[in-house]
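What the sequence shown shows, in the working numbering, is residues 6 to 760, in sequence order.
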Amino acid sequence: METDALLPGSADAAYGSQLDTERGAAPGSGRPSGPRAWGDEEELFIQQAVVFIEDAIQYRSINHRVDARSLRLYRWYYSRICQWGLSLTIAVVLLMAFVERPSSMSISSDLRLHSPTWEPPCGFTEAFEIVCLLIFCLDFTAKSYLIGWEEFKKTKWLMAYTVVLSVSLVDWVLSVSMVCDERLRVRRLLRPFFLLQDSSLMKKTLKCIKRTLPEIASVLLLLALHLCLFTMIGMLLFAKTEDVQKNGEWKSYFRNMPTALTSLLVLLTTANNPDVMIPAYSMNRAYCIFFIIFSVIGTYCLMNLLTAIIYNQFRGYLLMSVQTSIIRRRLGIRAAFQVLTCQRVQEAVEVHVGVDVVQEVMTRVQMENYYRTAIATEVQLHGEVGYMDREQFKNIFDELDKDRIQEHPPLPQYDSLALQRLQKVFSHHYLTVLGNVVALAHVLAVCTILVLNSEKATVDRDNYIIEIINLCFILYYLCEMCGKIFAFGWRGYLSYRNNIFDGFCTVLLLVLLITIYITYKSPLSQSERLFHGLLSLWEMIRLVNMLIVFRFLRIIPNIKLMSLVASTLLDLVKNLRAFAGILVVAYYVFAMVGIWLFEGAIKPPQGMSVLSNGSMENITSNVSMECGTYEQLEYWPNNFDDFAAAIVLLYDVMVINNWQVFLNVYTRFTTGWSKIYFVCWWITSSVMWVNLFVALILENFIYKWDRSHSCSVADVENISYETSVQLIFKSQIQEPTEEELVCHLHKHPHLDLQW
């Protein structure tokens, strides 16, 4: 095993006293009077402690090389500019799918329009791609070197990284050698791997999903049995008879086993309800019992049971993943303490680390200023003693696990009694309530004008009244903003997020209104005013009215439940990166497979023509089309002829509505086996991902509800919590013991600690 051994130091039975002696001060006298000169050995230990603490902050593994050169490379690799560069490379290599053949660079994806598509010349996208692949090679090399060969053999993601890079490079060479004429590009299917391997949280989420699959498979098997059972019963109930008028159900939905199975599968998602039962129900009302029982058992029982199982199992596995992250944080902090004291073998006295050493380490650690200040405050509490033991060292980093609370700065002080009274008025909560009432009145006024003018053409509308109304309300908004700035001060005003939103909208509204009056100050006729200047008057007024409607969202923080829901949504945006990344991977892979399978499969009938100007009004058809089909519904823009169109089609299938139309059309134009593709996508997106999304929403909302259950509206307004996945499960996490941490440190492949 490769080992970067720490340099051993001399033994000392009284570390704290010797540290004070080295400072040139009496034992226990506190911090030194001058800057400390660190030796090479101590400098290495400090660098190691800095990196271990940064690993703890980011929940990274500490099993990497710890020599001086490797530490410099490690910190450079995880620097912000390097990680942003790697993220940009991943974004470029994924976005190339929109430009590569078949290109999505056209105005419309409608198959009838035949709109011209820009196709890149051979070598254009390939040049960008090889640069990206070379960057990934450097990324792989740096990761492999930093963890060492022994850890590399244990890391399946890095071994898979090797395979993906090798296949991508070989496929790129083949593509260039064939002058970009090949149809199947394997490397396009492998590109989402670069996104997965770059996110530790995404890999953990994927691992949780993989562990949840057995429980999901059991419910899916039960669903399949339910589906097959009712399919056979349905084929027996709706068999073909001699009376042609009674064969409507058989002809449309139960002609054969694949058709019957597809019909009931779609009914399971309610997309074809009640269409699927109308032919039979019109003949005999008793037939509705079959479809109702099928829907109650399948849709309302089994599908919701699947949601409950996914929520329960995934929540447990996500908790295990969060537990691993917390262990990494504790291990990084414990390792930092150990390397700062490992050169001193203690016998009778507890191992300590000097306060000046900790302060030196913290000045070099890259972290948010909020946490740096909080930790520095905790360190200063030990300044009189001059050193900290292991427990005290660990406790100062508990600040990392606490909620981040944003406190608003104090109000400015005014000497004048009149100004103090004005400040009290403008800082009172009732002023915000009055502002909400005024915003509601403004929205109602705009709504009334819109209703009155809804039947009028743009040239017939008199915008003078709405201009005056907007001017009066905007002047009030401006006065309110200035009053709040006077009462709270600039920093206090900007510390409220709803004030920032209000102020931005108010300034923008004022600028637009001034622009309108400057542009249209001359006595122009109504028609001239409508189309005068860069933007027409109607467009500018419409923009103002849209901003007014958005400004009405200011009421959200003042209603407790609404504020809770809004804050939950904001936290979801921050915590959904892993889930969104996995969904992007699923979309990407299924879109590529769909293009390979179905590109060019659907073609407009010969009797359908489009005039040269490409206007949709000029599309004519002499072909009779069955009601409810792809052709009759004019779903022509939904196809797999390019990447962007494939993404939209997959989204349409994910939201379920009318997804049987796509099943039907690709069955007709290709084969019946195409249904497998769409069913797999339905299970992946609508069944799996949507239920995982629901599970995360439930966890986040329950956490927020419990935290704010005893808070008033004013409390919610005065403080702001930042919630992470780790904080959601904080109360359920079991802290690792000292023995577990020491055991992990002993197994470190690159540390040879002196205990």
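Built from N, CA and C at the ideal position, the CB exists for glycine as well.
Going by DSSP in three states, residue i sits in which element: helix, strand or coil?
| i | result |
| --- | --- |
| H413 | coil |
| V358 | strand |
| D280 | helix |
| M183 | coil |
| Y435 | helix |
| M393 | strand |
| Q371 | coil |
| I110 | The sequence shown places Met at residue 110, rather than the Ile named in the question. Coil, per DSSP. |
| M262 | helix |
| E745 | helix |
| L539 | Caution applies to L539, whose pLDDT of 46 falls short of 50 and renders its modelled position unreliable; the value that the coordinates give is listed next. L539: coil per DSSP, three-state reduction. |
| V191 | helix |
| I523 | helix |
| K158 | helix |
| M597 | helix |
| K245 | coil |
| C484 | helix |
| Y83 | coil |
| M630 | coil |
| W678 | coil |
| Q343 | helix |
| E604 | coil |
Please report the Cβ distance between residue i and residue j, rounded to the nearest whole angstrom; I am assuming they are in contact, meaning their Cβ atoms lie under 8 Å.
| i | j | result |
| --- | --- | --- |
| L761 | L476 | Since the first residue of the chain shown is 6 and the last is 760, residue 761 is not available in this structure. |
| Y82 | L151 | 7 Å |
| D203 | L78 | Actually they do not touch by this definition, with Cβ atoms about 18 Å apart. |
| V658 | T312 | 19 Å between Cβ atoms; not a contact. |
| G337 | A61 | 3 Å |
| T634 | N669 | 7 Å |
| V370 | I58 | 5 Å |
| S257 | P279 | Wrong, their Cβ atoms sit about 13 Å apart, outside the cutoff. |
| T236 | L266 | 5 Å |
| I661 | T274 | 5 Å |
| W686 | F595 | 5 Å |
Is the separation between the beta-carbon of residue i and that of residue j shorter than 9 Å?
| i | j | result |
| --- | --- | --- |
| D406 | R334 | yes |
| M308 | F295 | no |
| A73 | H753 | no |
| F199 | V169 | yes |
| V360 | V390 | yes |
| V2 | L756 | As displayed, the chain neither begins before 6 nor continues past 760, which places residue 2 out of reach and without an answer. |
| I5 | M325 | Residue 5 lies beyond the range of the chain shown here (6 to 760); nothing can be said about it. |
| K680 | T689 | no |
| T781 | F141 | Since the displayed the chain opens at 6 and closes at 760, residue 781 lies outside it and no answer follows. |
| I332 | H69 | no |
| I298 | V224 | no |
| D647 | S120 | no |
| V363 | I401 | yes |
Rounded to whole angstroms, what is the Cα-Cα separation between residue i and residue j?
| i | j | result |
| --- | --- | --- |
| Y498 | R320 | 39 Å |
| Y482 | L436 | 12 Å |
| V327 | F491 | 45 Å |
| F157 | E131 | 30 Å |
| Q53 | L99 | 36 Å |
| C452 | H434 | 27 Å |
| M597 | H447 | 49 Å |
| V443 | L163 | 59 Å |
| L269 | A276 | 10 Å |
| E744 | A591 | 41 Å |
| R85 | L703 | 33 Å |
| M551 | R496 | 28 Å |
| L746 | I67 | 12 Å |
| E383 | V356 | 19 Å |
| E740 | F398 | 16 Å |
| Q425 | D507 | 24 Å |
| I553 | C510 | 8 Å |
| E46 | L194 | 49 Å |
| S330 | M183 | 47 Å |
| L139 | W177 | 12 Å |
| K161 | C137 | 22 Å |
| A102 | C185 | 14 Å |
| message | Whether or not the segment 238-248 and the segment 206-223 are in contact is what I'm after, with contact meaning three or more pairs of Cβ atoms, one per stretch, closer than 8 Å; do they touch? | response | no
| message | Count Cβ pairs between the segment 654-669 and the segment 627-645 that sit closer than 8 Å; are there 3 or more? | response | With a cut-off of 8 Å on Cβ pairs, the segment 654-669 is in contact with the segment 627-645, counting three or more such pairs.
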